[in-house]
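Undergrad: Please find one structure pasted underneath; my questions will follow.
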Amino acid sequence: MKNPPALYLEADNVAPDKFAGKNASQIADLHVHEGNTTSTLGKYFEVSGTAGATAAETRVIVKGDVKKVKYLGMKMSAGELVVEGSTDQYTGAWMTGGNILVKGNVEAFAALAMKGGELVIEGNAGNYLGAAYRGDWRGMSGGKIFVKGNAGSDVGMYMLGGEIVINGNVDVHVMTHAEGGKVIIKGNAKSKLGGQLVDGTIIVFGSIDVMMPGFKPAGIVELEVEGAKAKFAHYIGDTGERKKKRKGQIVYGNLYQKA
Amino acid sequence: MAEYIIKNGHVFDPVQGIKGDKADVAIKDGKIVAKAGSGAKVIDAKGKTVMAGGVEIHAHIAGPKVNVGRIYRPEDKLFTYTPTKGNQRMGGGNSIPTTFKTGYLYAKMGYTTAMEAAMPPLFSRHVHEEIRDTPIIDEGAYPVLGNNWFVMEYIKNNEVENTAAYIAWLLRATKGYAIKSVNPGGTEAWAWGLNCLSIHDPVPYFDITPAEITKGLIEANEFLGLPHSLHIHPNNLGNPGNYTTTLDTLKLAEGYKAKNKFGREQVMHLTHTQFHSYGGDNWANFESKAKEVMDYVNKAKNITIDTGNVTLDETTTMTADGPFEHHLTELNHLKWANVDVELETAAGVVPYIYSPTISVCAIQWAIGLELALMAKDPMRCFITTDHPNAGPFTRYPRVIKWLMSAKAREIQINAFKHKDKVLSQSSIGTQDREISLYELAQMTRAGPAKALGLSNMIGGLKPGMDADVVVYDFSPDKPVANPDQIEAAFSKAAHVFKSGVEVVTNGEIVNNGNKRTIWVNAKVKENPQVMRDINEKFLKYYSVSQANYESLGHHFIPNPYAIEVDATQ
Amino acid sequence: MAIINLNLISGRSIQQGVAIEGGKEKPAYRTACGIIELDPSDLKKLGAWKNTNVKVTSDYGSVVVKAIETTQGPHPGLGFIPMGPWANSVINPNTYSTGMPTFKGVPVKVEVAINEPILLGIELVQKQCGVKVG
Amino acid sequence: MTKTVTDVVCPFCGTLCDDLEVVVSDDGKHLTEVYNACVIGTEKFLHSQAKDRITRPRLRQEDGSWKEISYDEAAEYTAKMLAKAKKPLMYGWSSTNCEAQSMGHEIAEMVCACVDNTAAVCHGTTLIAVQDIGIPSCTLGEIKNRADRILFWGCNPAHAHPRHMSRYSIFPRGFFTGKGQKSRKMIVVDPRVTDTAKLADVHLQIEQGRDYELLNAFRVALNNEWLPDVVAGIPAEKIREAANLCKSGRFGIIFFGMGVTQTLSKNHNIDEAIALTKHLNEFTKFSIMPMRGHYNVTGSGEVLGWQFGFPYSVDLTRGFARYNPGDTSTIDLLARGEVDAFFTIASDPGAHFPISRVKQIAKLPSVCIDPHQTPTSGVSKLHVPVAFAGIEVGGNAYRMDNVPIDLRKVVDPPAGMLTDEEFLTKVRDRVKQLKGLA
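Chains as they are written, first to last, in this note's numbering: chain A, 2 to 260; chain B, 23 to 591; chain C, 28 to 161; chain D, 1038 to 1475.
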């Protein structure tokens, strides 16, 4: 980043798929948008190196302050994207494969409707991490998200599959409306966990301020989570929500809290 | 106004019986003329197909439930947008496009007239605002009447003349075009969470049956002599085994003859017939009854139908059949919107995915095509997708491909996961008919225009008719190497003229045209009793005043076209 | 002087409705909305008479309003300021990425401020925004 | 001599009462009396006649004083501000007619702006919930004619929608509800004993901020599942009783307001309330309806809906429409410093936004179009007073149940004053020139 934007920058072209098969000057000519103006990557960024022939063979490194840059790695399907600082919204949104590493924080809507690949955030994640786009019942369906810091509200809304691991704490609403997938919270949770959950798993190592009434105590179980065995209080729910059946058996969502 | 002469095209015009012969079509002052002046702009249509503008007889494209669909499905817009371009407004949406996009997409396919199939009378202002904002195409709207309290009470008392007088008032108040009936009686029952699944199920409290409502509406329609007939969506939509209800409904038209000055011959139009031609008694033994339904339709000259072809897309279902949409959301668990409308009707909306991997969806696809392929009189069977219910109207070119090419059908059948089930539960595998361009012109132009009572105005290329003309880059005398050529040609017309104005060139919008809102102004004898009844219901039961219900100013309908009907004799 | 902690909500009141149509530049707007409705028990804890000026402070700002006894109680522990500039000087702007600020459910502390003036609506906003008015 | 205009539509709240009678002077220039309206509606009509009303655009000067300018100069200033901006925000729209909204959208499309209405701070979260799980609803006449179970959840119509209960929901005698109030059971859920709650058969005084939990508990009760002893401060038995009361009706309705849309969980509160409504339809007939505030915020959502496909918080900056509250929503755009010009019409963000966001508006180039002096005009660079829609000009508006009603013109505006639509048309024409489109 050489010229930071006055407003925000929309850089949906910064992804291995878009860079593949291009040299530095071709990459510098890719479009970016600031408000209603369109210009090129080269206007804002120093571009060096050459991309691989395919996305898979392409590794993109973004340096400098990109706190006000949106859509980094959007729709990427393969290859690697490394961001050395913090990013704005929609980082890795609609990604289907490849690896993204963000060394700082990401803002809201990261990995929106993610289908595959891996997103690692060394700092904190914003709201709606791995959630569905507005109105869509098809949220994150595959891949893995790992957050070293904390995450905001609405993690994994409408989640269908894949896994989200948060080392720190989360804000309200986790896996609302989910029908699959797993969210592991190593730190503390607040409230409204698993509201309208049909299927899927939430594991909390720390505290939960207020439990949803739709989660019914189901005893103590021993679980192995990420290699470590421990005892957990088991709850099933959301008992207020519609239930689906698998092989004639009613399926519940599961919430485990470390005992 | 510019004059045009479209030269050397292969003309297909059922109105004049022209079956692909090379002929010229001349346009002057918005009309087709026998000869254009020397200054006329020449359009070379050599090796191309020339037809009248397409006529959509049944689609949900404007009004409250359509907009519920748009508003509550942001995901339907994702990555679908066409940006602002010159005088063309931006537009987006896949199964429920914005109004601007709707007008542009119809025009690009060569359609110049479209009818909104269900207008809740209380919401007529909304319907007309959206029609106003839908460029190019002429539009009209059918007010829904099959569950209307006035109608049910008058018909229960066998008061045909009062039913007719009320309908005439309503058509005027709402600037409506025709009488629509959706799940007669069943939607009123839905106000209590109930339904009428057969034509003899009594309607709660009103103590009348769907059969009586339907016959009463046919009688009122012919008493008035409206341009279109009763347009009916029968009871029991979408359920296995419902074809018997469909046949029962069709038989209600027996003995009735069309009375009108518009050349219309049918007394009942049965819409989205595909949804009403199901056999079996559950989803496992679900099967096609297209043959049983078409055997009856082919015999019954006073009936027309449209198909409601399933296009195998993710779409958004919407209908005034409130109980059906509730049934559907209980099946697929997708978001459900419902609106019950005081004294009049209801509507529901639920997204739906017609997946080629699900056998029922594939069989539904087959049934829609069977209906058209079994039609003996293409002037009485029209192609629709019941947009957006069986699929978006933007798929017409693909439906046309399937109808015109047995090879295209075979390719699709082989692509189905449950191919064998499709072949065993329907006759689609044995249908070798290929719809000709002339039959296509009947099923998409001349036929629907005649059924709407507009055959003197649109649907043909006879001098004196509106100059709605389409040139498709499709050569009738060259063999079709790949069926996709058909789809491509009908997706982007080479030229489209609407009322003599060229609105599309090479598949691109070049002009926003001069769209009209078509409505029917039916005059009846003074009827103080009906006016008193209307007055009383507004005082007691409506939530708006009669004066405000009747207020529909110029800002709603800037360019009206009224069709006059005189029923005072 | 006592300081009490409350959960603050803002919302509509019919007086507020009348006042916004009557003119937000008028003192009547302040009378209708420059207030906090408290439960009698909270007034007592605060050690304040009805209709004394109080200072309401949250993590997001502070504002001076008149403490009045609620007519829609009891609601001990809950304070109500009609929607408007006074409430909005202290409510929580966090939207949780939904676009909607958290207008209701804001922890505040309330203390008596007899000698501090309650500003008029437009004046209150202009002052906090540092708008120069001639 | 005076004349009386009947069937007048009240341009205040989403109840959109259309039975008002207004007495006007013979020359049609002044209105003297208003009948049938609530106190707020009456005040709106009468205050439009205020002698101290501002009737010409005013531009703020260096020294902070106002300078009167012409409408043409004001249109010029507005057009230039919008045409120059990289990401202008055009906010408001809820207290004007659909025709003005349409004209504004044309401008927004030409300058590639963000367009948002007051749902942003009112029922926006309702719209998010509707997009997530739909909404079974009905028109207000259905309530009047059929409803025997009425829930008011987090709303206080006695104050916010004064004629709602008398016209539609509680007192009227409808076709199947001949006994009026006696035909109905009324449940109110509110942390305060509101004047609405005082009329209720059942009042659940909920712990503020726990609506999501209580709504969930209702659904758990419907499924006859285990419940904690107390949820949101309400004992389990009371919750089960209330759930059964809902089930036992023939036609029920949940009305909800900002008590849930603006409280923690926001869209999730509505989402669960709609889920509860859908759930109740397995036992009886139930509907749900937001108590929309501004008289035509619903209309703004409808017009945005058919023109762009989204009901509010629409971003047109890239020449096509995008929508995602949290990104394209006014409060977040301001908080994040995403916009470089602020245009307000027919609303008062200055009074109704958190002060920290109003401070951001004050820093931007700004135009405020509003008949009144407001906190917004107080922090704007240009104030353009216009005629009152629904009093001095007609046009279409949508009631809280989406029913369109054509507003009526009752009196002429003061001489020389423009309507919203007329002023916006001037701006549109000037923007066309500036953008080289004319």
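Yeah, the Cβ is synthetic: ideal placement off N, Cα and C, and Gly gets one too. Predicted, not measured: the structure shown is a model, and the values here were computed from it.
1) For the alpha helix (DSSP H) that B/Ile389 lies in, which residues bound it at each end?
2) Hey, would you say B/Gly482 sits closer than 7 Å to B/Ala139, going by beta carbons?
3) Would you give the residue range spanned by the beta strand (DSSP E) that B/Trp424 belongs to?
4) What does the Cβ neighbour count give for D/Ala1237, buried or exposed, with the cut at 16 atoms within 10 Å?
5) When you check each C-beta in the segment 116 to 144 of chain A against every C-beta of chain B, which residues fall closer than 7 Å?
6) Interface residues of chain D around C/Pro112 at Cβ under 9 Å?
7) Apart from the five residues on each side of it in sequence, which residues of its chain come closer than 6 Å, Cβ to Cβ, to D/Lys1418?
8) According to DSSP, is B/Pro550 helix, strand or coil?
9) Where do the ends of the beta strand (DSSP E) carrying B/Phe519 lie?
10) Looking only at DSSP bridge pairs, what is C/Thr79 linked to?
11) Helix, strand or coil for B/Phe496 per DSSP?
12) According to the neighbour-count rule (16 or more other Cβ atoms, all chains shown, within 10 Å of its Cβ), is A/Ser208 buried or exposed?
13) With distances taken Cα to Cα, identify the nearest neighbour of D/Ala1434 among D/Ala1074, D/Val1046 and D/Val1042.
14) Taking just the CA atoms, how far does A/Ile101 sit from A/Gly93?
15) Closer than 7 Å, CB to CB, is A/Ser192 near chain C or not?
16) Which residues, taken in chain order from the segment 37 to 65 of chain C, show a beta carbon closer than 7 Å to some beta carbon of chain G?
17) Can you name the start and end residues of the beta strand (DSSP E) that A/Phe147 belongs to?
18) Note down, in chain order, each residue of its chain lying with its Cβ closer than 6 Å to the Cβ of D/Asn1193, except the 5 sequence neighbours on either side.
19) Assign C/Thr98 to buried or exposed, taking buried as 16 or more other Cβ atoms, counted over all protein chains shown, within 10 Å of its Cβ.
20) Does the pairing of the segment 162 to 174 of chain B with the segment 348 to 366 of chain B give three or more beta-carbon distances under 8 Å?
21) Does B/His349 come out as helix, strand or coil in the three-state DSSP assignment?
22) Any beta-carbon of chain D closer than 7 Å to the one on C/Thr84?
23) Mind pulling the chain D residues with CB within less than 8 Å of B/His148?
24) When Cβ atoms are compared, which residues of the segment 224 to 252 of chain A fall closer than 7 Å to chain B?
25) For the putative contact between B/Ile201 and B/His150, defined by C-beta atoms under 8 Å, what is the C-beta separation to the nearest angstrom?
26) Shorter than 7 Å from the beta carbon of C/Thr125 to some beta carbon of chain D?
27) Would you report the Cα separation of A/Gly196 and D/Arg1436, rounded to the nearest angstrom?
28) Going by alpha carbons, who is nearest to D/Pro1094 out of D/Ser1414, D/Leu1474, D/Gly1270 and D/Ile1290?
29) If we define contact as Cβ-Cβ less than 7 Å, is D/Val1060 a contact residue for chain B?
30) Taking 7 Å as the threshold (beta carbon to beta carbon), is D/Lys1222 in contact with chain B?
31) Quick check on A/Asp200: buried or exposed, where buried means 16 or more other Cβ atoms within 10 Å of its Cβ?
32) At the 7 Å Cβ level, is D/Asn1253 part of the contact set with chain C, yes or no?
33) Going by the DSSP bridge assignment, what does A/Tyr72 pair with across the sheet?
34) Compute the Euclidean distance between the alpha carbons of D/Ile1091 and D/Ile1382, then round it to the nearest angstrom.
35) Can you check the segment 61 to 95 of chain B for any alpha helix (DSSP H) of at least 4 residues that lies completely inside it and give the ranges in chain order?
36) Within the continuous beta strand (DSSP E) that includes C/Asn32, where are the two ends?
TA: This is what the structure gives:
1) The residue you call residue 389 of chain B lines up with position 367 of the second sequence. It spans Ser381 to Leu395 - the alpha helix (DSSP H) in which B/Ile389 sits, taken as one unbroken run.
2) Locating residue 482 of chain B in the second sequence gives position 460, counting from the first residue. Locating residue 139 of chain B in the second sequence gives position 117, counting from the first residue. Contact: no.
3) Against the second sequence, residue 424 of chain B aligns to sequence position 402. That residue, B/Trp424, is in no beta strand (DSSP E); its alpha helix (DSSP H) goes Tyr418 to Met426.
4) The residue you call residue 1237 of chain D lines up with position 200 of the fourth sequence. Its Cβ being crowded by 16 or more others within 10 Å, D/Ala1237 is buried.
5) Tyr134, Arg135, Gly136, Asp137 and Trp138
6) On the third sequence, residue 112 of chain C is found 85 positions in, with the first residue counted as 1. Here the neighbours are Gly1387, Ala1388, His1389, Ile1392, Val1395 and Pro1412.
7) Start at 1 with the first residue of the fourth sequence, and residue 1418 of chain D comes out as number 381. Result list for D/Lys1418: Arg1097 and Ser1403, in chain order.
8) Position 528 of the second sequence, counted from the first residue, corresponds to residue 550 of chain B. It is helical.
9) On the second sequence, residue 519 of chain B is found 497 positions in, with the first residue counted as 1. B/Phe519 -> beta strand (DSSP E) spans His517 to Lys520.
10) Sequence index remark: in the third sequence, residue 79 of chain C carries index 52 (1-based). In DSSP, C/Thr79 forms a bridge with C/Ala94.
11) As a working mapping, residue 496 of chain B is identified with position 474 in the second sequence. Correct three-state label for B/Phe496: coil.
12) Within the first sequence, residue 208 of chain A is the residue found at index 207, counting from 1. Classification for A/Ser208: exposed.
13) Reading the fourth sequence from its first residue, position 397 is the one you call residue 1434 of chain D. Answer by Cα proximity: D/Val1046.
14) Locating residue 93 of chain A in the first sequence gives position 92, where the first residue counts as 1. Locating residue 101 of chain A in the first sequence gives position 100, where the first residue counts as 1. So the two alpha carbons sit approximately 7 Å from each other.
15) Taking the first sequence and counting its residues from 1, one reaches residue 192 of chain A at position 191. Output row for A/Ser192: interface = no.
16) Judged by its chain identifiers, the structure shown contains no chain G, and its protein chains are A, B, C and D.
17) Translated into positions along the first sequence, residue 147 of chain A becomes position 146. Run containing A/Phe147: Lys145 to Val148, per the beta strand (DSSP E) assignment.
18) Looking up residue 1193 of chain D in the fourth sequence gives position 156. The residues are Thr1231 and Thr1233.
19) Position 71 of the third sequence, counted from the first residue, corresponds to residue 98 of chain C. By the neighbour-count rule (16 or more Cβ atoms within 10 Å), C/Thr98 is not buried but exposed.
20) yes
21) By 1-based counting over the second sequence, the position of residue 349 of chain B is 327. Residue state, collapsed to three classes: helix.
22) Here the question's residue 84 of chain C lines up with position 57 in the third sequence. Chain D contact via Cβ: absent.
23) Within the second sequence, residue 148 of chain B is the residue found at index 126, counting from 1. Glu1339, Tyr1435, Asn1439 and Pro1441, listed in chain order.
24) Arg243
25) Looking up residue 201 of chain B in the second sequence gives position 179. Looking up residue 150 of chain B in the second sequence gives position 128. Actually they do not touch by this definition, with Cβ atoms about 18 Å apart.
26) The residue you call residue 125 of chain C lines up with position 98 of the third sequence. C/Thr125 counts as touching chain D.
27) Translated into the one-based positions of the first sequence, residue 196 of chain A becomes position 195. Translated into the one-based positions of the fourth sequence, residue 1436 of chain D becomes position 399. Cα to Cα, the separation comes out at about 32 Å.
28) Here residue 1094 of chain D refers to the residue found at position 57 of the fourth sequence. Among D/Ser1414, D/Leu1474, D/Gly1270 and D/Ile1290, the Cα nearest to that of D/Pro1094 belongs to D/Ser1414.
29) Numbered from 1 along the fourth sequence, position 23 holds the residue referred to as residue 1060 of chain D. By this cut-off, D/Val1060 is not an interface position.
30) In the fourth sequence, counting from the first residue as 1, residue 1222 of chain D sits at position 185. It does not; no Cβ of chain B falls within 7 Å.
31) Position 199 of the first sequence, counted from the start, is the residue given in the question as residue 200 of chain A. Buried, since its Cβ has 16 or more Cβ neighbours within 10 Å.
32) Translated into positions along the fourth sequence, residue 1253 of chain D becomes position 216. Not closer than 7 Å to any Cβ of chain C, the Cβ of D/Asn1253 fails to qualify, so no.
33) Along the first sequence, read from residue 1 onward, the residue named residue 72 of chain A stands at position 71. For A/Tyr72, which the question treats as bridged, DSSP gives no partner whatsoever.
34) By one-based count along the fourth sequence, residue 1091 of chain D stands at place 54. By one-based count along the fourth sequence, residue 1382 of chain D stands at place 345. Spanning the two alpha carbons is a distance of roughly 16 Å.
35) 86 to 94
36) Along the third sequence, one-based indexing puts residue 32 of chain C at 5. Unbroken beta strand (DSSP E) run through C/Asn32: Ile30 to Gly38.
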